[in-house]
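Just below is one structure, and these are the notes that go with it.
Residue numbers (the numbering used here), protein chains in the order written: chain G, 1 to 355; chain E, 356 to 721.
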């Protein structure tokens, strides 16, 4: 072998041995041992050292390049995701390309999140039931609620087109409570969906709500168990709740016993917790609210003992029953049979006296 | 000393007048942007989008209970052919954000009418650590992030924002901008009612806008106070109207002048689109001298409705599937999840294709 070729071979071997290496350290990708590092200019780093999500379209991760102590680094815009494989490439002129793949380990977590409660609590619900609240023991993930919550008929078949599906699901701030509405178009008299498909629920039949176990919680871990609630259906309710039928039980002065209001029918759980306020001489009384007995009782426990005298519970007219009938207005109004609106949209006072 | 002759002086004066006129025009045009202050836009979520003047993007932040106005600094008029095609937009965005396509949510799409760049509201992650982002796509298909770290912006807090109330939230279902007013349609996760707010723009410090309750009739008999799902601001007979699609499917028109604080407004049902369908987005466009509304739906495809004589369509009184305003379903457009006007002859759509991929593309207006 001529000397020249031998030298070339040695040079090639040397180059191969001195090839740069790619590492991933603390969420930062590093290209070390590349003698061309000094040629790196702003904007050219991404071409030399692109980073990708291996399974997705070949678009580079957003992030920041820097040169530190002869090493080219890339810090992604977002922390690396467990369970995702990343691909780092080194491509420079006259150098053999390098591809390195990094799997971010997924920590297998034992599922613990469960459906704690579904409101309404009752197992017999009106035919024109409007709302369901699902309370979870931990934050959930968004974007698949309507695929994970089902209504089954008596034979176990999934009832289609039952719920109002919204682009943005109706969660609370913490992603722990989900509100699901029955399709109001099917509930309302006279609308095409109602005429074509009928109401979602039929009186006399029973149904089962199912929440899939596969639904990922806020940490991406499935639920601990499937949730089921079976209920039967009673007649539709087209009447506004009437505060005149509510029963107030006043506590005794000097105690911290709760004041209670009992309702003849269950009311909306979330609204009961929010829309009733206890006042004395027009100022709010501090204390805590409790709703129980299947949403037929509201209780208020004051922070300080009751004083003898007059108190008032103020109820906002938006308070609804299970069928969306508000105090001021039923869910739907037949304008041919003009009903008198029972209440104005102001707060309704319910006075009681502590003795 | 330079001698200026009469002709030069005339030219100079003309030039001066032109300059002053242009300056006035520019300052008048820039008044909306001038109301925005640089800083970090603290969005808690990014949902409904709509463009206002001067490249200002309005973003519905349901989790934060606010509407943001963002200066996109994107006022260079579009040139060149109007064709955009980005296959697998969700996979491309997730790749840039370092995650997988199933871990991002694309919430809305809006086109900047000046630059024709397409803006996309995104949630990176679906759980507790989700981050809201605005991405934009240019005609070549290049995707970039609109940095929110230091951007001229302002915001208007919606009443009943979740301070102190842990659970109640208004989800912003849609936004529209017309004549210096932002219209916000919302849906509460507790009480069931319509909630349409009008907020004058530029936003004022304490301006929370006015809220009205809108009822709609069905077949002239039943009235309900129902949430609006999507709507478009539009002039009928030179009067600004909102054409709104309700959560329970009727399409209703309401004159904007009737939206007065505390008033009860009954919209007129002009079309009913039948069961098992969700209206998603609406746009208004002109073609061949006539005007049309284009609307995409969850299961009944993309529908086209003429606006001609819309003011003459009275309330629907008979229950029929194709009632009131006539509509035509556009063949070949399926799985359209997002729709916006692109230019005079094209719309942009985000359509779900094979394998759950979301393809962004321009289509000729039908």
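Ideal placement from N, C-alpha and C gives every residue a C-beta, glycine not left out.
1) Could you have a look at residue 251 (chain G) and say whether DSSP puts it in helix, strand or coil?
2) By DSSP's criteria, residue 316 (chain G) is part of a beta bridge. Which residues make up the other side?
3) Please tell me whether residue 57 (chain G) and residue 450 (chain E) are closer than 7 Å, where the distance is taken between their beta carbons.
4) Here's the rule I'm using: 16 or more other beta-carbon atoms within 10 Å means buried, otherwise exposed. How should residue 97 (chain G) be labelled?
5) Which residues of the stretch 53-69 of chain G have a Cβ closer than 9 Å to any Cβ of chain E? Give them in chain order.
6) For residue 318 (chain G), return the contacting residues in chain E, with the cut-off set at a CB-CB distance below 8 Å.
7) Below 8 Å on the Cβ atoms is my guess for residue 124 (chain G) versus residue 234 (chain G); work out the distance and round it to an integer in Å.
8) Taking the alpha helix (DSSP H) that residue 273 (chain G) falls in, what are its first and last residues?
9) Please go through the same chain and pick out, in chain order, the residues whose beta-carbon is closer than 7 Å to the beta-carbon of residue 405 (chain E), but skip the five residues on each side of it.
10) Roughly how many angstroms lie between the CA atoms of residue 383 (chain E) and residue 54 (chain G), to the nearest whole one?
11) Count the other CB atoms, across all protein chains shown, that sit within 10 Å of the CB of residue 447 (chain E); report buried if there are 16 or more and exposed otherwise.
12) Could you tell me whether the stretch 69-80 of chain G touches the stretch 17-33 of chain G, where touching means 3 or more Cβ pairs closer than 8 Å?
13) Please give me, in chain order, every unbroken run of the beta strand (DSSP E) with length at least 3 that falls completely inside the stretch 208-267 of chain G.
14) Say whether chain E places a C-beta atom closer than 7 Å to the C-beta of residue 270 (chain G).
15) Shorter than 7 Å from the beta carbon of residue 585 (chain E) to some beta carbon of chain G?
16) By Cβ distance, which residues of its chain are closer than 6 Å to residue 715 (chain E), with the 5 residues on each side in sequence left out?
17) For a cutoff of 7 Å on Cβ pairs, would you count residue 705 (chain E) as touching chain G?
18) Would you please state the rounded distance, in angstroms, between the beta carbons of residue 400 (chain E) and residue 478 (chain E)? I believe it to be under 8 Å.
19) Can you find the residues in the same chain that come closer than 7 Å, C-beta to C-beta, to residue 330 (chain G), ignoring five residues on each side of it along the sequence?
20) Show which residues of chain E have a CB atom less than 7 Å away from the CB atom of residue 141 (chain G).
21) Below 7 Å on C-beta distance, what does residue 352 (chain G) contact in chain E?
22) On the premise that residue 129 (chain G) lies in contact with residue 327 (chain G), defined as a C-beta separation below 8 Å, what is that separation, rounded to the nearest angstrom?
23) Okay, do the stretch 466-477 of chain E and the stretch 684-699 of chain E touch, 3+ Cβ pairs below 8 Å being the bar?
24) Which residue from G:206, G:244 and G:259 puts its Cα closest to that of residue 251 (chain G)?
25) Near residue 310 (chain G), which residues of its chain fall below 7 Å by C-beta distance, leaving aside the five closest residues on each side in sequence?
26) Name the residue from E:415, E:690, E:559 and E:411 whose alpha carbon lies nearest to the alpha carbon of residue 431 (chain E).
27) Which residues in chain E sit within 9 Å of residue 241 (chain G), going by Cβ to Cβ distance?
28) Report the residue ranges of all beta strand (DSSP E) runs contained in full by the stretch 405-463 of chain E; include only those spanning at least 3 residues, in chain order.
29) What runs of the beta strand (DSSP E), each 3 residues or longer, lie entirely inside the stretch 134-191 of chain G?
30) By Cβ distance, which residues of its chain are closer than 6 Å to residue 462 (chain E), with the 5 residues on each side in sequence left out?
31) Measuring CB to CB, does residue 266 (chain G) end up less than 7 Å from residue 294 (chain G)?
32) Output the residue ranges of the alpha helix (DSSP H) runs that lie fully inside the stretch 29-69 of chain G and measure 4 residues or longer, sorted by chain position.
33) Looking at the C-beta of residue 446 (chain E), does it have a partner C-beta in chain A at a distance below 7 Å?
34) If we ignore side chains and look at the alpha-carbon of each, how far apart do residue 659 (chain E) and residue 681 (chain E) end up?
35) What is the DSSP secondary structure of residue 197 (chain G), reduced to helix, strand or coil?
36) Between the C-alpha atoms of residue 305 (chain G) and residue 312 (chain G), what's the straight-line distance to the nearest angstrom?
Straight from the coordinates:
1) coil
2) G:347
3) yes
4) exposed
5) 53, 55, 56, 57, 58, 59, 60, 61, 62 and 63
6) Simply 546 and 548.
7) 5 Å
8) 269-274
9) 413, 465, 530, 531 and 532
10) Only weak support exists for where residue 383 (chain E) lies, its pLDDT of 49 falling under 50; the value from the coordinates is given anyway. Answer to the nearest angstrom: the Cα atoms are 50 Å apart.
11) buried
12) Judged by Cβ distances under 8 Å, the stretch 69-80 of chain G makes contact with the stretch 17-33 of chain G, as three or more pairs qualify.
13) 227-234, 247-249 and 259-262, all fully within the stretch 208-267 of chain G.
14) yes
15) Judged by the 7 Å Cβ criterion, residue 585 (chain E) is not in contact with chain G.
16) 441, 444 and 705
17) no
18) 7 Å
19) Around residue 330 (chain G), the same chain offers 238, 239 and 240 as residues with beta carbons nearer than 7 Å, after the five sequence neighbours per side are excluded.
20) Result: 481 and 482.
21) In chain order: nothing, as chain E lies at least about 25 Å away.
22) Cβ atoms of residue 327 (chain G) and residue 129 (chain G) stay farther apart than 8 Å, at about 18 Å.
23) yes
24) The residue with the shortest Cα to Cα distance from residue 251 (chain G) is G:259.
25) 351 and 353
26) E:411
27) Within chain E, no residue comes near residue 241 (chain G); the closest Cβ sits about 13 Å away, beyond 9 Å.
28) Within the stretch 405-463 of chain E, the complete beta strand (DSSP E) runs of at least 3 residues are 411-416 and 421-426.
29) 149-152 and 177-181
30) Setting aside the 5 residues that flank it on each side, residue 462 (chain E) is surrounded in the same chain by 402 and 476, each with a C-beta closer than 6 Å to its C-beta; the list follows chain order.
31) In contact: residue 266 (chain G) and residue 294 (chain G) (Cβ atoms closer than 7 Å).
32) Counting only runs that start and end inside the stretch 29-69 of chain G, the alpha helix (DSSP H) elements of at least 4 residues fall at 45-48.
33) Included in the structure are the protein chains G and E, with no chain A among them.
34) 9 Å
35) helix
36) 16 Å
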